[in-house]
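Residue numbers (our numbering): 248 to 895. Glycine included, each C-beta is placed from N, C-alpha and C at the ideal position.
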Amino acid sequence: MLPLYKDKPNDYTPRVNKRASVKERRKIMLYKGTILLIAFYVCFYVGRYLKTEVFPEQFQDSKNEFSNWGEAQLKVKQAFKDSWAQYEKYGWGTDEYHPVSKKGKNMGPEPLGWIIVDSLDTMLIMGLEEEYKVAESWVANELKYDFDYDVNVFETTIRMLGGLLSAYYLSENEMYLEKATDLGNKILGAFESSSGLPYSSVNLKTGKGKKNHVDNGASSTAEVSTLQLEFKYLSKLTGESLYWEKVEKIMSVLDDNKPKDGLVPIYVHPDTGKYQGNLIRLGSRGDSYYEYMLKQYLQTVEKEPVYLSMYKESVQGMKDHLLKHSKPNNLAFFGELEHGLAGEFSNKMDHLVCFMGGLLALGATEGVSIETARKSSGWDSIKEDDFLLAKDITHTCYKMYADTATGLSPEIVVFNTNEGSTEDFHIKPLDKHNLQRPETVESLFILYRITKDPIYRKWGWEIFQSFEKYGKLADGGYTSLDDVTTIPPKKRDNLESFWLAETLKYLYLLFDDSEEEILPLDKVVFNTEAHPFPVFEMNPLFKTGWSRKKQDEARVVKGGDAAPVRGDVHDPVHNNDKAERKKETTTKKQAPSAAKPAKPAIEELKDQIGSVAEEVKEAPFGKKASTNGEDVNEILEDLIQEEEEGEE
Ligand code: DMJ
């Protein structure tokens with residue numbers, strides 16, 4: 248029997264095509280209209296009831312009315328879990344992961360922990376215990392930095408050294424500090440140039456630095472000037488001042504160039520210490536030079552004004568030379584100067600520049616709320632102006648997402664400044680990709696913390712939804728995109744480690760409503776890869792060993808004989824005479840610090856400090872470098888306090 252009911256059901260009666268009279272048709276229309284109206288009202292009220300009563304935890308409106316930030320935070324955590332699950336399953340332990348083809352790859356002959364180490368602190372912050380435990384044991388058992396391979400000094404420092412140090416800070420697991428010290432010691436060889444500026448790469452086995460094989464051997468400015476937070480924190484933890492001295496020296500060499508209005512070209516040569524070329528920008532190769540000046544000042548609790556002075560000068564330079572506004576909507580942006588300060592202005596801005604919103608807000612307020620900052624005695628019109636600019640730039644960066652078809656920003660935009668422009672920016676064909684970068688959500692997080700204005704969360708939520716919509720793969724992984732201007736966008740088959748280390752971390756923190764604020768901005772500094780380190784007080788082991796040159800004035804070295812002099816800093820990697828090295832280090836530690844007022848009692852105290860510091864260190868530069876650096880510092884602080892109380 249054929250299933251006849253399908254086309255001719257049993258009760259089927261053919262429709263009689265009979266046209267009704269006008270009166271009858273009016274009646275029918277009125278009847279239909281009334282039914283439709285009733286149906287509309289029923290749907291409306293049932294919908295409202297379902298939204299508020301049955302699903303009270305659901306988001307109300309993704310654009311404007313969204314308010315359930317706890318739920319948003321869970322979604323971000325889930326995005327991390329999904330990204331991680333794919334990596335664990337198909338690429339575990341490898342440095343690169345390609346989520347579309349589901350393949351992992353190492354950069355060198357053995358893994359460097361690129362994705363795992365970069366992600367440790369995010370897992371700790373998000374409370375992903377299961378995932379974290381597996382990662383922790385991989386680092387403990389598999390990760391060794393002793394094979395013959397050249398690594399990029401900057402990337403390895405911000406991601407690996409930074410990742411290990413923040414994992415140590417958050418977990419207090421000594422294993423991370425040992426690995427960090429081992430890695431730090433290997434990187435030190437990169438600083439063996441005639442100027443003290445690090446070479447671009449270093450060989451992990453030999454510890455030998457290597458010049459950049461392109462750009463005439465020059466290193467990027469951002470690369471040489473974005474090592475300081477990591478090595479200074481390593482000094483703090485190990486009690487070993489050598490790391491401090493090496494990275495501090497870079498700052499003095501750079502500043503000796505006396506950059507006009509605080510703006511610097513994006514290349515600098517390790518042989519001469521001089522800048523190369525004239526291209527000035529806040530984007531790639533320039534960006535974190537500006538970031539680390541402020542953050543160094545914040546890291547040591549505002550005790551090193553030299554970095555604040557450099558930072559302030561550069562912000563004024565940015566306002567004078569790089570800031571412009573687009574047409575038609577007057578969006579503030581930072582352009583580029585391809586031929587130096589006197590050269591032509593380019594309207595190009597990298598997405599990388601979007602960290603500037605957060606940085607300016609942090610610089611103005613030093614991490615406290617805007618209300619508190621405005622009431623403080625140091626508040627002035629420059630800070631107010633920096634803060635307003637922070638908001639403007641962050642708004643511009645949000646528009647770089649909101650004004651594309653996918654709601655995701657391209658890598659680079661060119662702003663329109665001509666009268667009559669109908670759109671604020673355009674995107675060149677080669678710049679349409681999105682690499683899951685963090686800079687905008689980083690600024691949203693900082694601005695939210697400082698202002699508590701929910702607009703920053705709403706923008707962050709919109710951006711996250713676009714990542715969900717276009718970056719998420721059917722099986723749960725997340726990928727970079729080739730073109731944010733077309734729907735659906737072509738996928739790029741790459742997961743950047745900063746998606747896990749930075750983008751998702753900042754989004755998670757943006758939506759956080761914990762009673763006690765996680766990682767307050769006046770208590771921690773985030774390195775440029777979003778790894779948090781605690782701020783710390785200076786003590787006699789550390790001091791600012793240089794000051795800024797004015798005009799043709801010769802270098803003023805603070806701290807007398809003890810202060811590090813350029814080209815005169817000992818390098819453990821290349822010095823086999825351990826006894827000699829130990830003697831020198833001790834001498835340095837015992838010498839008076841001119842950064843503090845000279846007091847005879849303090850001199851005596853420093854003798855004690857010298858011996859205490861030596862006692863707690865098993866092998867000053869070895870793998871077991873310095874047991875627990877916190878102890879060294881605690882002992883120092885206690886001794887100073889005791890001494891000062893005694894004097895009173
Ligand atoms: C990160 O590795 C760091 O934030 C770095 O300073 C610049 N770019 C990437 C993320 O975009």
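- In the structure shown, S593 adopts extended strand secondary structure according to DSSP, grouped into three states.
- With contacts defined as CB atoms closer than 9 Å, Y536 and S472 qualify as a contacting pair.
- Taking 8 Å as the cut-off, one finds no heavy atom of the ligand DMJ near enough to the beta carbon of I363.
- For G456, the beta-bridge partners assigned by DSSP are V449.
- Apart from the 5 residues on each side of it in sequence, A332 has no Cβ closer than 6 Å to any other Cβ in its chain.
- Less than 9 Å separates the beta-carbon of S447 from that of E470.
- Secondary structure note for H680: it is in no beta strand (DSSP E), with a DSSP letter that is neither H nor E.
- D534 has its Cβ nearer than 8 Å to a heavy atom of the ligand DMJ.
- DSSP, reduced to helix, strand and coil, places D397 within a strand of the structure shown.
- Counting along the chain, I659 sits inside the beta strand (DSSP E) bounded by residues 659-662.
- The Cβ neighbour count for G317, taken over all protein chains shown within 10 Å, is under 16; the residue is labelled exposed.
- Membership of Y537 in the alpha helix (DSSP H) is indicated by the continuous run 534-546.
- Between R739 and the set S348, D567, Q320, the nearest pair of CA atoms involves S348.
- When C-beta atoms of the region 732-751 are compared with those of the region 668-688, three or more pairs fall below 8 Å, so the two segments count as touching.
- DSSP places S330 within a helical segment (H, G or I) once states are collapsed to three.
- 9 Å or more divides the Cβ of L599 from the Cβ of D633.
- A straight-line Cα-Cα distance of about 28 Å links K336 and L655.
- Distances from the alpha-carbon of T369 to those of K550, Y392, K324 put K324 closest.
- Secondary structure of F745 (DSSP, three-state): helix.
- Per the Cβ contact rule, the region 437-455 is in contact with the region 395-406 (3 or more Cβ pairs under 8 Å).
- Just so you know, the alpha carbons of G360 and S556 end up roughly 37 Å apart.
- A straight line joining the alpha-carbon of Y423 with that of K391 spans about 12 Å.
- If you check the C-beta of E764 against the ligand DMJ, you find no heavy atom less than 8 Å away.
- Counting only residues of its own chain and dropping the five nearest sequence neighbours on each side, N525 has a CB closer than 6 Å to the CB of P512, H586, G587.
- Counting C-beta atoms within 10 angstroms of its own C-beta, F394 has fewer than 16 neighbours from the protein chains shown and is therefore classed as exposed.
- Beta bridge pairing from DSSP links V515 with S466, Y522.
- Between the ligand DMJ and F602, a heavy atom-to-CB distance of less than 8 Å is present.
- Cβ-Cβ separation between D462 and D508: approximately 24 Å, too far for a contact (criterion under 8 Å).
- Within a 10 Å sphere around the beta-carbon of N665 sit fewer than 16 other beta-carbons, which makes this residue exposed.
- Judged by the Cβ position, T403 fails to qualify as a neighbour of the ligand DMJ at the 8 Å threshold, every heavy atom of the ligand being at least this far.
- A contact between stretches requires three or more CB pairs, one per stretch, nearer than 8 Å, and the region 705-715 fails this requirement with the region 772-781.
- Taking a C-beta distance under 9 Å as the contact criterion, L636 and G564 do not qualify as a contact pair.
- Distances between the C-beta of F745 and the heavy atoms of the ligand DMJ include at least one below 8 Å.
- E477 is a Cβ neighbour of L412, given a cutoff of 9 Å.
- The closest CA to that of G443, considering only E419, K521, R406, is found on K521.
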